[in-house]
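The next block holds one structure in the form of structure tokens; read it before the comments.
There are 2 protein chains.
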Amino acid sequence: MNELKFCYKYPHPAVTADCVIFGFDGVSIKILLIQRGIEPYKGKWAFPGGFMKIDETAEECAKRELEEETGLKNASVEQFYTFSDINRDPRERVISIAHYALVRLSEVKGGDDAASAKWYAMNDIPSLAFDHDRILRMAMNRLKERICFEPIGFDLLPEIFTMTELQNLYEAILEVKFDRRNFYNKMLKLGILTETEPRPANAPRRMPSKYRFNAEKYSELKQKGFRLEF
Amino acid sequence: MNELKFCYKYPHPAVTADCVIFGFDGVSIKILLIQRGIEPYKGKWAFPGGFMKIDETAEECAKRELEEETGLKNASVEQFYTFSDINRDPRERVISIAHYALVRLSEVKGGDDAASAKWYAMNDIPSLAFDHDRILRMAMNRLKERICFEPIGFDLLPEIFTMTELQNLYEAILEVKFDRRNFYNKMLKLGILTETEPRPANAPRRMPSKYRFNAEKYSELKQKGFRLEF
DNA sequence: ATTTTTTGCGCAAAAATCACGCAAACAATT
DNA sequence: AATTGTTTGCGTGATTTTTGCGCAAAAAAT
Chain A
2 MNELKFCYKY PHPAVTADCV IFGFDGVSIK ILLIQRGIEP YKGKWAFPGG
52 FMKIDETAEE CAKRELEEET GLKNASVEQF YTFSDINRDP RERVISIAHY
102 ALVRLSEVKG GDDAASAKWY AMNDIPSLAF DHDRILRMAM NRLKERICFE
152 PIGFDLLPEI FTMTELQNLY EAILEVKFDR RNFYNKMLKL GILTETEPRP
202 ANAPRRMPSK YRFNAEKYSE LKQKGFRLEF
Chain B
2 MNELKFCYKY PHPAVTADCV IFGFDGVSIK ILLIQRGIEP YKGKWAFPGG
52 FMKIDETAEE CAKRELEEET GLKNASVEQF YTFSDINRDP RERVISIAHY
102 ALVRLSEVKG GDDAASAKWY AMNDIPSLAF DHDRILRMAM NRLKERICFE
152 PIGFDLLPEI FTMTELQNLY EAILEVKFDR RNFYNKMLKL GILTETEPRP
202 ANAPRRMPSK YRFNAEKYSE LKQKGFRLEF
């Protein structure tokens with residue numbers, strides 16, 4: 002047992018892929034964490050992730066581990082940084098290729114595989130294993146940068162949403178406040194939203210218009226060389 | 002000899018750090034390449050870089066290899082992507098943590114260690130080893146993104162430069178043309194440039210004003226939460 | 001000697017941004 | 001039932017920013 006049968010002329014680090022999964026409940030940004038069942042850091046919370054197999058890419062590894070540990074399938078993960086500090090892991094030298102993904106809370110069915118997977122609000126994150134607090138800070142910064150220039154926010158909302166929900170999301174991520182009317186106009190002027198229905202003329206005013214993200218329009222506009230610049 | 006003395010329970014990939022080094026000669030963006038002296042890809046051009054030691058971080062490795070192979074010291078390298086395709090390297094599974102840096106051409110003394118290091122203009126890049134053409138494309142994209150929001154361009158120019166030189170740099174990187182007067186005004190209005198001398202009133206007009214990047218002003222402004230948005 | 005290029009200064013039209021007002025519909029409270 | 005506060009859509013005027021171009025002097029090129 003415990004044979005050491007993979008041998009090299011020079012020392013090799015182990016490589017893991019970890020996933021910072023963002024969600025949004027209408028009020029605050031949430032993070033999907035799993036509780037570690039084994040040492041080291043047993044009982045502590047950490048990002049889904051694990052060791053990369055020798056015949057998979059980092060992205061494939063991230064997706065596989067994510068599904069194994071949380072039941073979340075087909076998330077569109079994106080690499081954002083590789084952490085290579087010497088003593089990240091007490092067991093051996095481990096470098097971690099960190100990814101992030103934005104998912105709809107509704108798509109993550111609790112239970113099943115993910116007995117110990119749990120959503121935490123950004124302002125209520127427990128103590129994390131390894132250097133995962135540093136990874137989280139970096140992921141959050143990347144999210145803030147990214148959402149200003151790519152319409153990734155829509156991945157966090159239901160398919161159909163109101164302008165106020167969209168504004169709440171932007172305000173939660175960027176930690177700022179926008180004027181409601183200006184946000185409304187700015188968003189519509191971008192031309193990447195479609196009103197779900199022309200809204201009946203006699204509808205009560207209080208019932209807000211609903212929109213969906215128009216991916217075709219966006220890729221059109223992008224090709225013509227326009228930038229979001231939020 | 003050739004003992005395989007580092008053994009693990011599971012297979013481990015090898016890890017390298019590679020460096021895409023950008024320069025600017027006043028007209029076009031240049032890349033520093035080295036010619037490979039050994040197989041695989043012997044004779045082909047590649048980025049400086051090499052295998053990570055077990056007691057150094059990726060960034061340390063990138064800097065060390067850069068100095069060893071090109072003589073370039075103390076470059077401020079920044080990681081931008083980790084390449085993990087299965088068959089990147091015919092020898093064994095190798096993942097590469099790619100970095101980039103911006104340096105002044107004048108700071109790279111040819112010769113010495115770097116017998117086979119050479120600058121190539123962006124539009125005249127030879128066939129590259131491994132997947133380095135893909136790495137180059139990605140680095141260039143990252144540079145384009147980055148220079149719009151961080152004043153990194155100044156690392157490519159001499160300490161003291163004219164507005165026209167700065168404009169040429171931006172145009173070379175972003176592959177666009179700016180109106181000279183608008184560029185001039187926009188840059189000055191940012192408040193991150195210092196005129197080297199108040200410019201004598203009777204100076205000939207044709208002699209352009211010279212500027213330097215004011216790092217203090219920039220970090221001041223940045224703290225107050227302003228963005229470049231070029 | 002003539003033409004072309006480069007630099008600095010600056011303005012006016014067009015566009016974008018910003019800070020609000022207002023009324024109707026609804027919910028919660030008294 | 002009346003009052004109060006909230007949410008939604010529509011709009012508007014003031015300010016700021018962007019953009020496109022003119023001009024003259026000095027230097028370089030022809």
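Read top to bottom, the protein sequences are chains A and B.
As numbered in the numbering used here, residues 2 to 231 make up the first sequence, in order.
As numbered in the numbering used here, residues 2 to 231 make up the second sequence, in order.
Glycine included, each C-beta is placed from N, C-alpha and C at the ideal position.
The model shown is predicted, which means the values in this text are computed figures rather than measured ones.
Mind checking the stretch 41–53 of chain A against chain B and listing, in chain order, the residues whose C-beta falls within less than 9 Å of any C-beta there?
Here the close residues are Phe52, Met53.
Could you check if Lys10/A is buried or exposed, using at least 16 other CB atoms within 10 Å of its CB as the buried criterion?
When all chains shown are included, Lys10/A counts as exposed.
What residues of chain A sit near Glu230/B, judged by a beta carbon separation below 9 Å?
Under the 9 Å cutoff, chain A gives Glu230.
What does the Cβ neighbour count give for Ala63/B, buried or exposed, with the cut at 16 atoms within 10 Å?
Classification for Ala63/B: buried.
Can you pull out the residues from the stretch 92–104 of chain A whose beta carbon lies closer than 9 Å to at least one beta carbon of chain B?
Hits within the stretch, in order: Glu93, Arg94, Ile96, Ile98.
For Asp259/B, which residues does DSSP report across the bridge?
Residue 259/B cannot be examined here, being either before or after the span of chain B that is shown, 2 to 231.
If we define contact as Cβ-Cβ less than 8 Å, is Ile153/B a contact residue for chain A?
It does not: the Cβ of Ile153/B has no partner Cβ on chain A nearer than 8 Å.
Using 8 Å as the Cβ pair cut-off and three pairs as the minimum, do the stretch 83–99 of chain A and the stretch 22–39 of chain B touch?
Verdict: no, contact absent.
Look up Glu79/A in the DSSP assignment and give the residues it is bridged to.
For Glu79/A, which the question treats as bridged, DSSP gives the partners Tyr101/A.
Any idea if Gly38/B is buried or exposed, counting beta-carbon neighbours within 10 angstroms, 16 or more meaning buried?
Exposed, because fewer than 16 other Cβ atoms sit within 10 Å of the Cβ of Gly38/B.
Can you list the residues of chain A that Cys20/B reaches, using a CB-CB cut of under 9 Å?
Correct list: empty, because the minimum Cβ distance to chain A is about 15 Å.
Looking at the secondary structure, which residues open and close the alpha helix (DSSP H) in which Leu157/B lies?
Neither: Leu157/B is in no alpha helix (DSSP H) and is coded neither H nor E.
Under 8 Å between beta-carbons, which chain B residues line up against Tyr219/A? List them in chain order, please.
Residues of chain B passing the Cβ test: none, with the nearest at roughly 18 Å.
Is Lys31/B buried or exposed, if buried means 16 or more other CB atoms sit within 10 Å of its CB?
Classification of Lys31/B: buried, given that the 10 Å Cβ count is 16 or more.
Tell me where the beta strand (DSSP E) around Phe231/A begins and ends.
Where Phe231/A is concerned, there is no enclosing beta strand (DSSP E), given that its DSSP letter is neither H nor E.
Spatial neighbours of Glu172/B within its chain, please: CB distance less than 8 Å, with the 5 preceding and 5 following residues excluded, ordered by chain position.
The residues are Lys178, Phe179.
If we call anything under 8 Å between Cβ atoms a contact, is Val95/A one with Ala18/A?
Taking 8 Å as the Cβ cut-off, Val95/A and Ala18/A do not qualify as a contacting pair.
Given a threshold of 16 other Cβ atoms within 10 Å of its Cβ, counted over all protein chains shown, does Glu160/A qualify as buried or as exposed?
Exposed is the call here.
Might you give, ordered along the chain, the residues of its own chain that have their beta carbon closer than 8 Å to the beta carbon of Tyr219/A, omitting 5 neighbours on each side?
Cβ within range, chain order: Pro152, Ile193.
Find the nearest neighbour of Ser128/B within the set Glu217/B, Leu222/B, Leu5/B, Tyr42/B, judged by alpha-carbon distance.
When each option's Cα is compared against that of Ser128/B, the closest is Tyr42/B.
Enumerate in chain order the residues of its own chain whose CB-to-CB distance from Ile136/A is below 6 Å, with the five nearest sequence positions on each side excluded.
If we look at Ile136/A and ignore the five residues flanking it on each side, its Cβ neighbours are Ala99.
Could you have a look at Tyr219/B and say whether DSSP puts it in helix, strand or coil?
Reduced to three states, the DSSP call for Tyr219/B is helix.
Specify the secondary structure class of Leu191/B as computed by DSSP and reduced to three states.
Three-state DSSP puts Leu191/B in a helix.
Can you pull the chain B neighbours of Ile87/A, defined as C-beta to C-beta under 9 Å?
Within chain B, the residues near Ile87/A are Ile55, Asp56, Glu57, Thr58.
Give me whichever residues DSSP pairs with Arg213/A in a beta bridge.
DSSP lists Thr195/A as partners of Arg213/A.
Out of curiosity, what's the CA-to-CA distance linking Gly112/B and Glu70/B?
Its pLDDT being 48, under 50, Gly112/B is placed unreliably by the model, and the measurement read from it follows with that caveat. Taking the straight line joining both Cα atoms gives about 11 Å.
For chain A, find out if any of its Cβ atoms is closer than 8 Å to the Cβ of Gln224/B; answer yes or no.
False, the Cβ-Cβ gap to chain A never drops below 8 Å.
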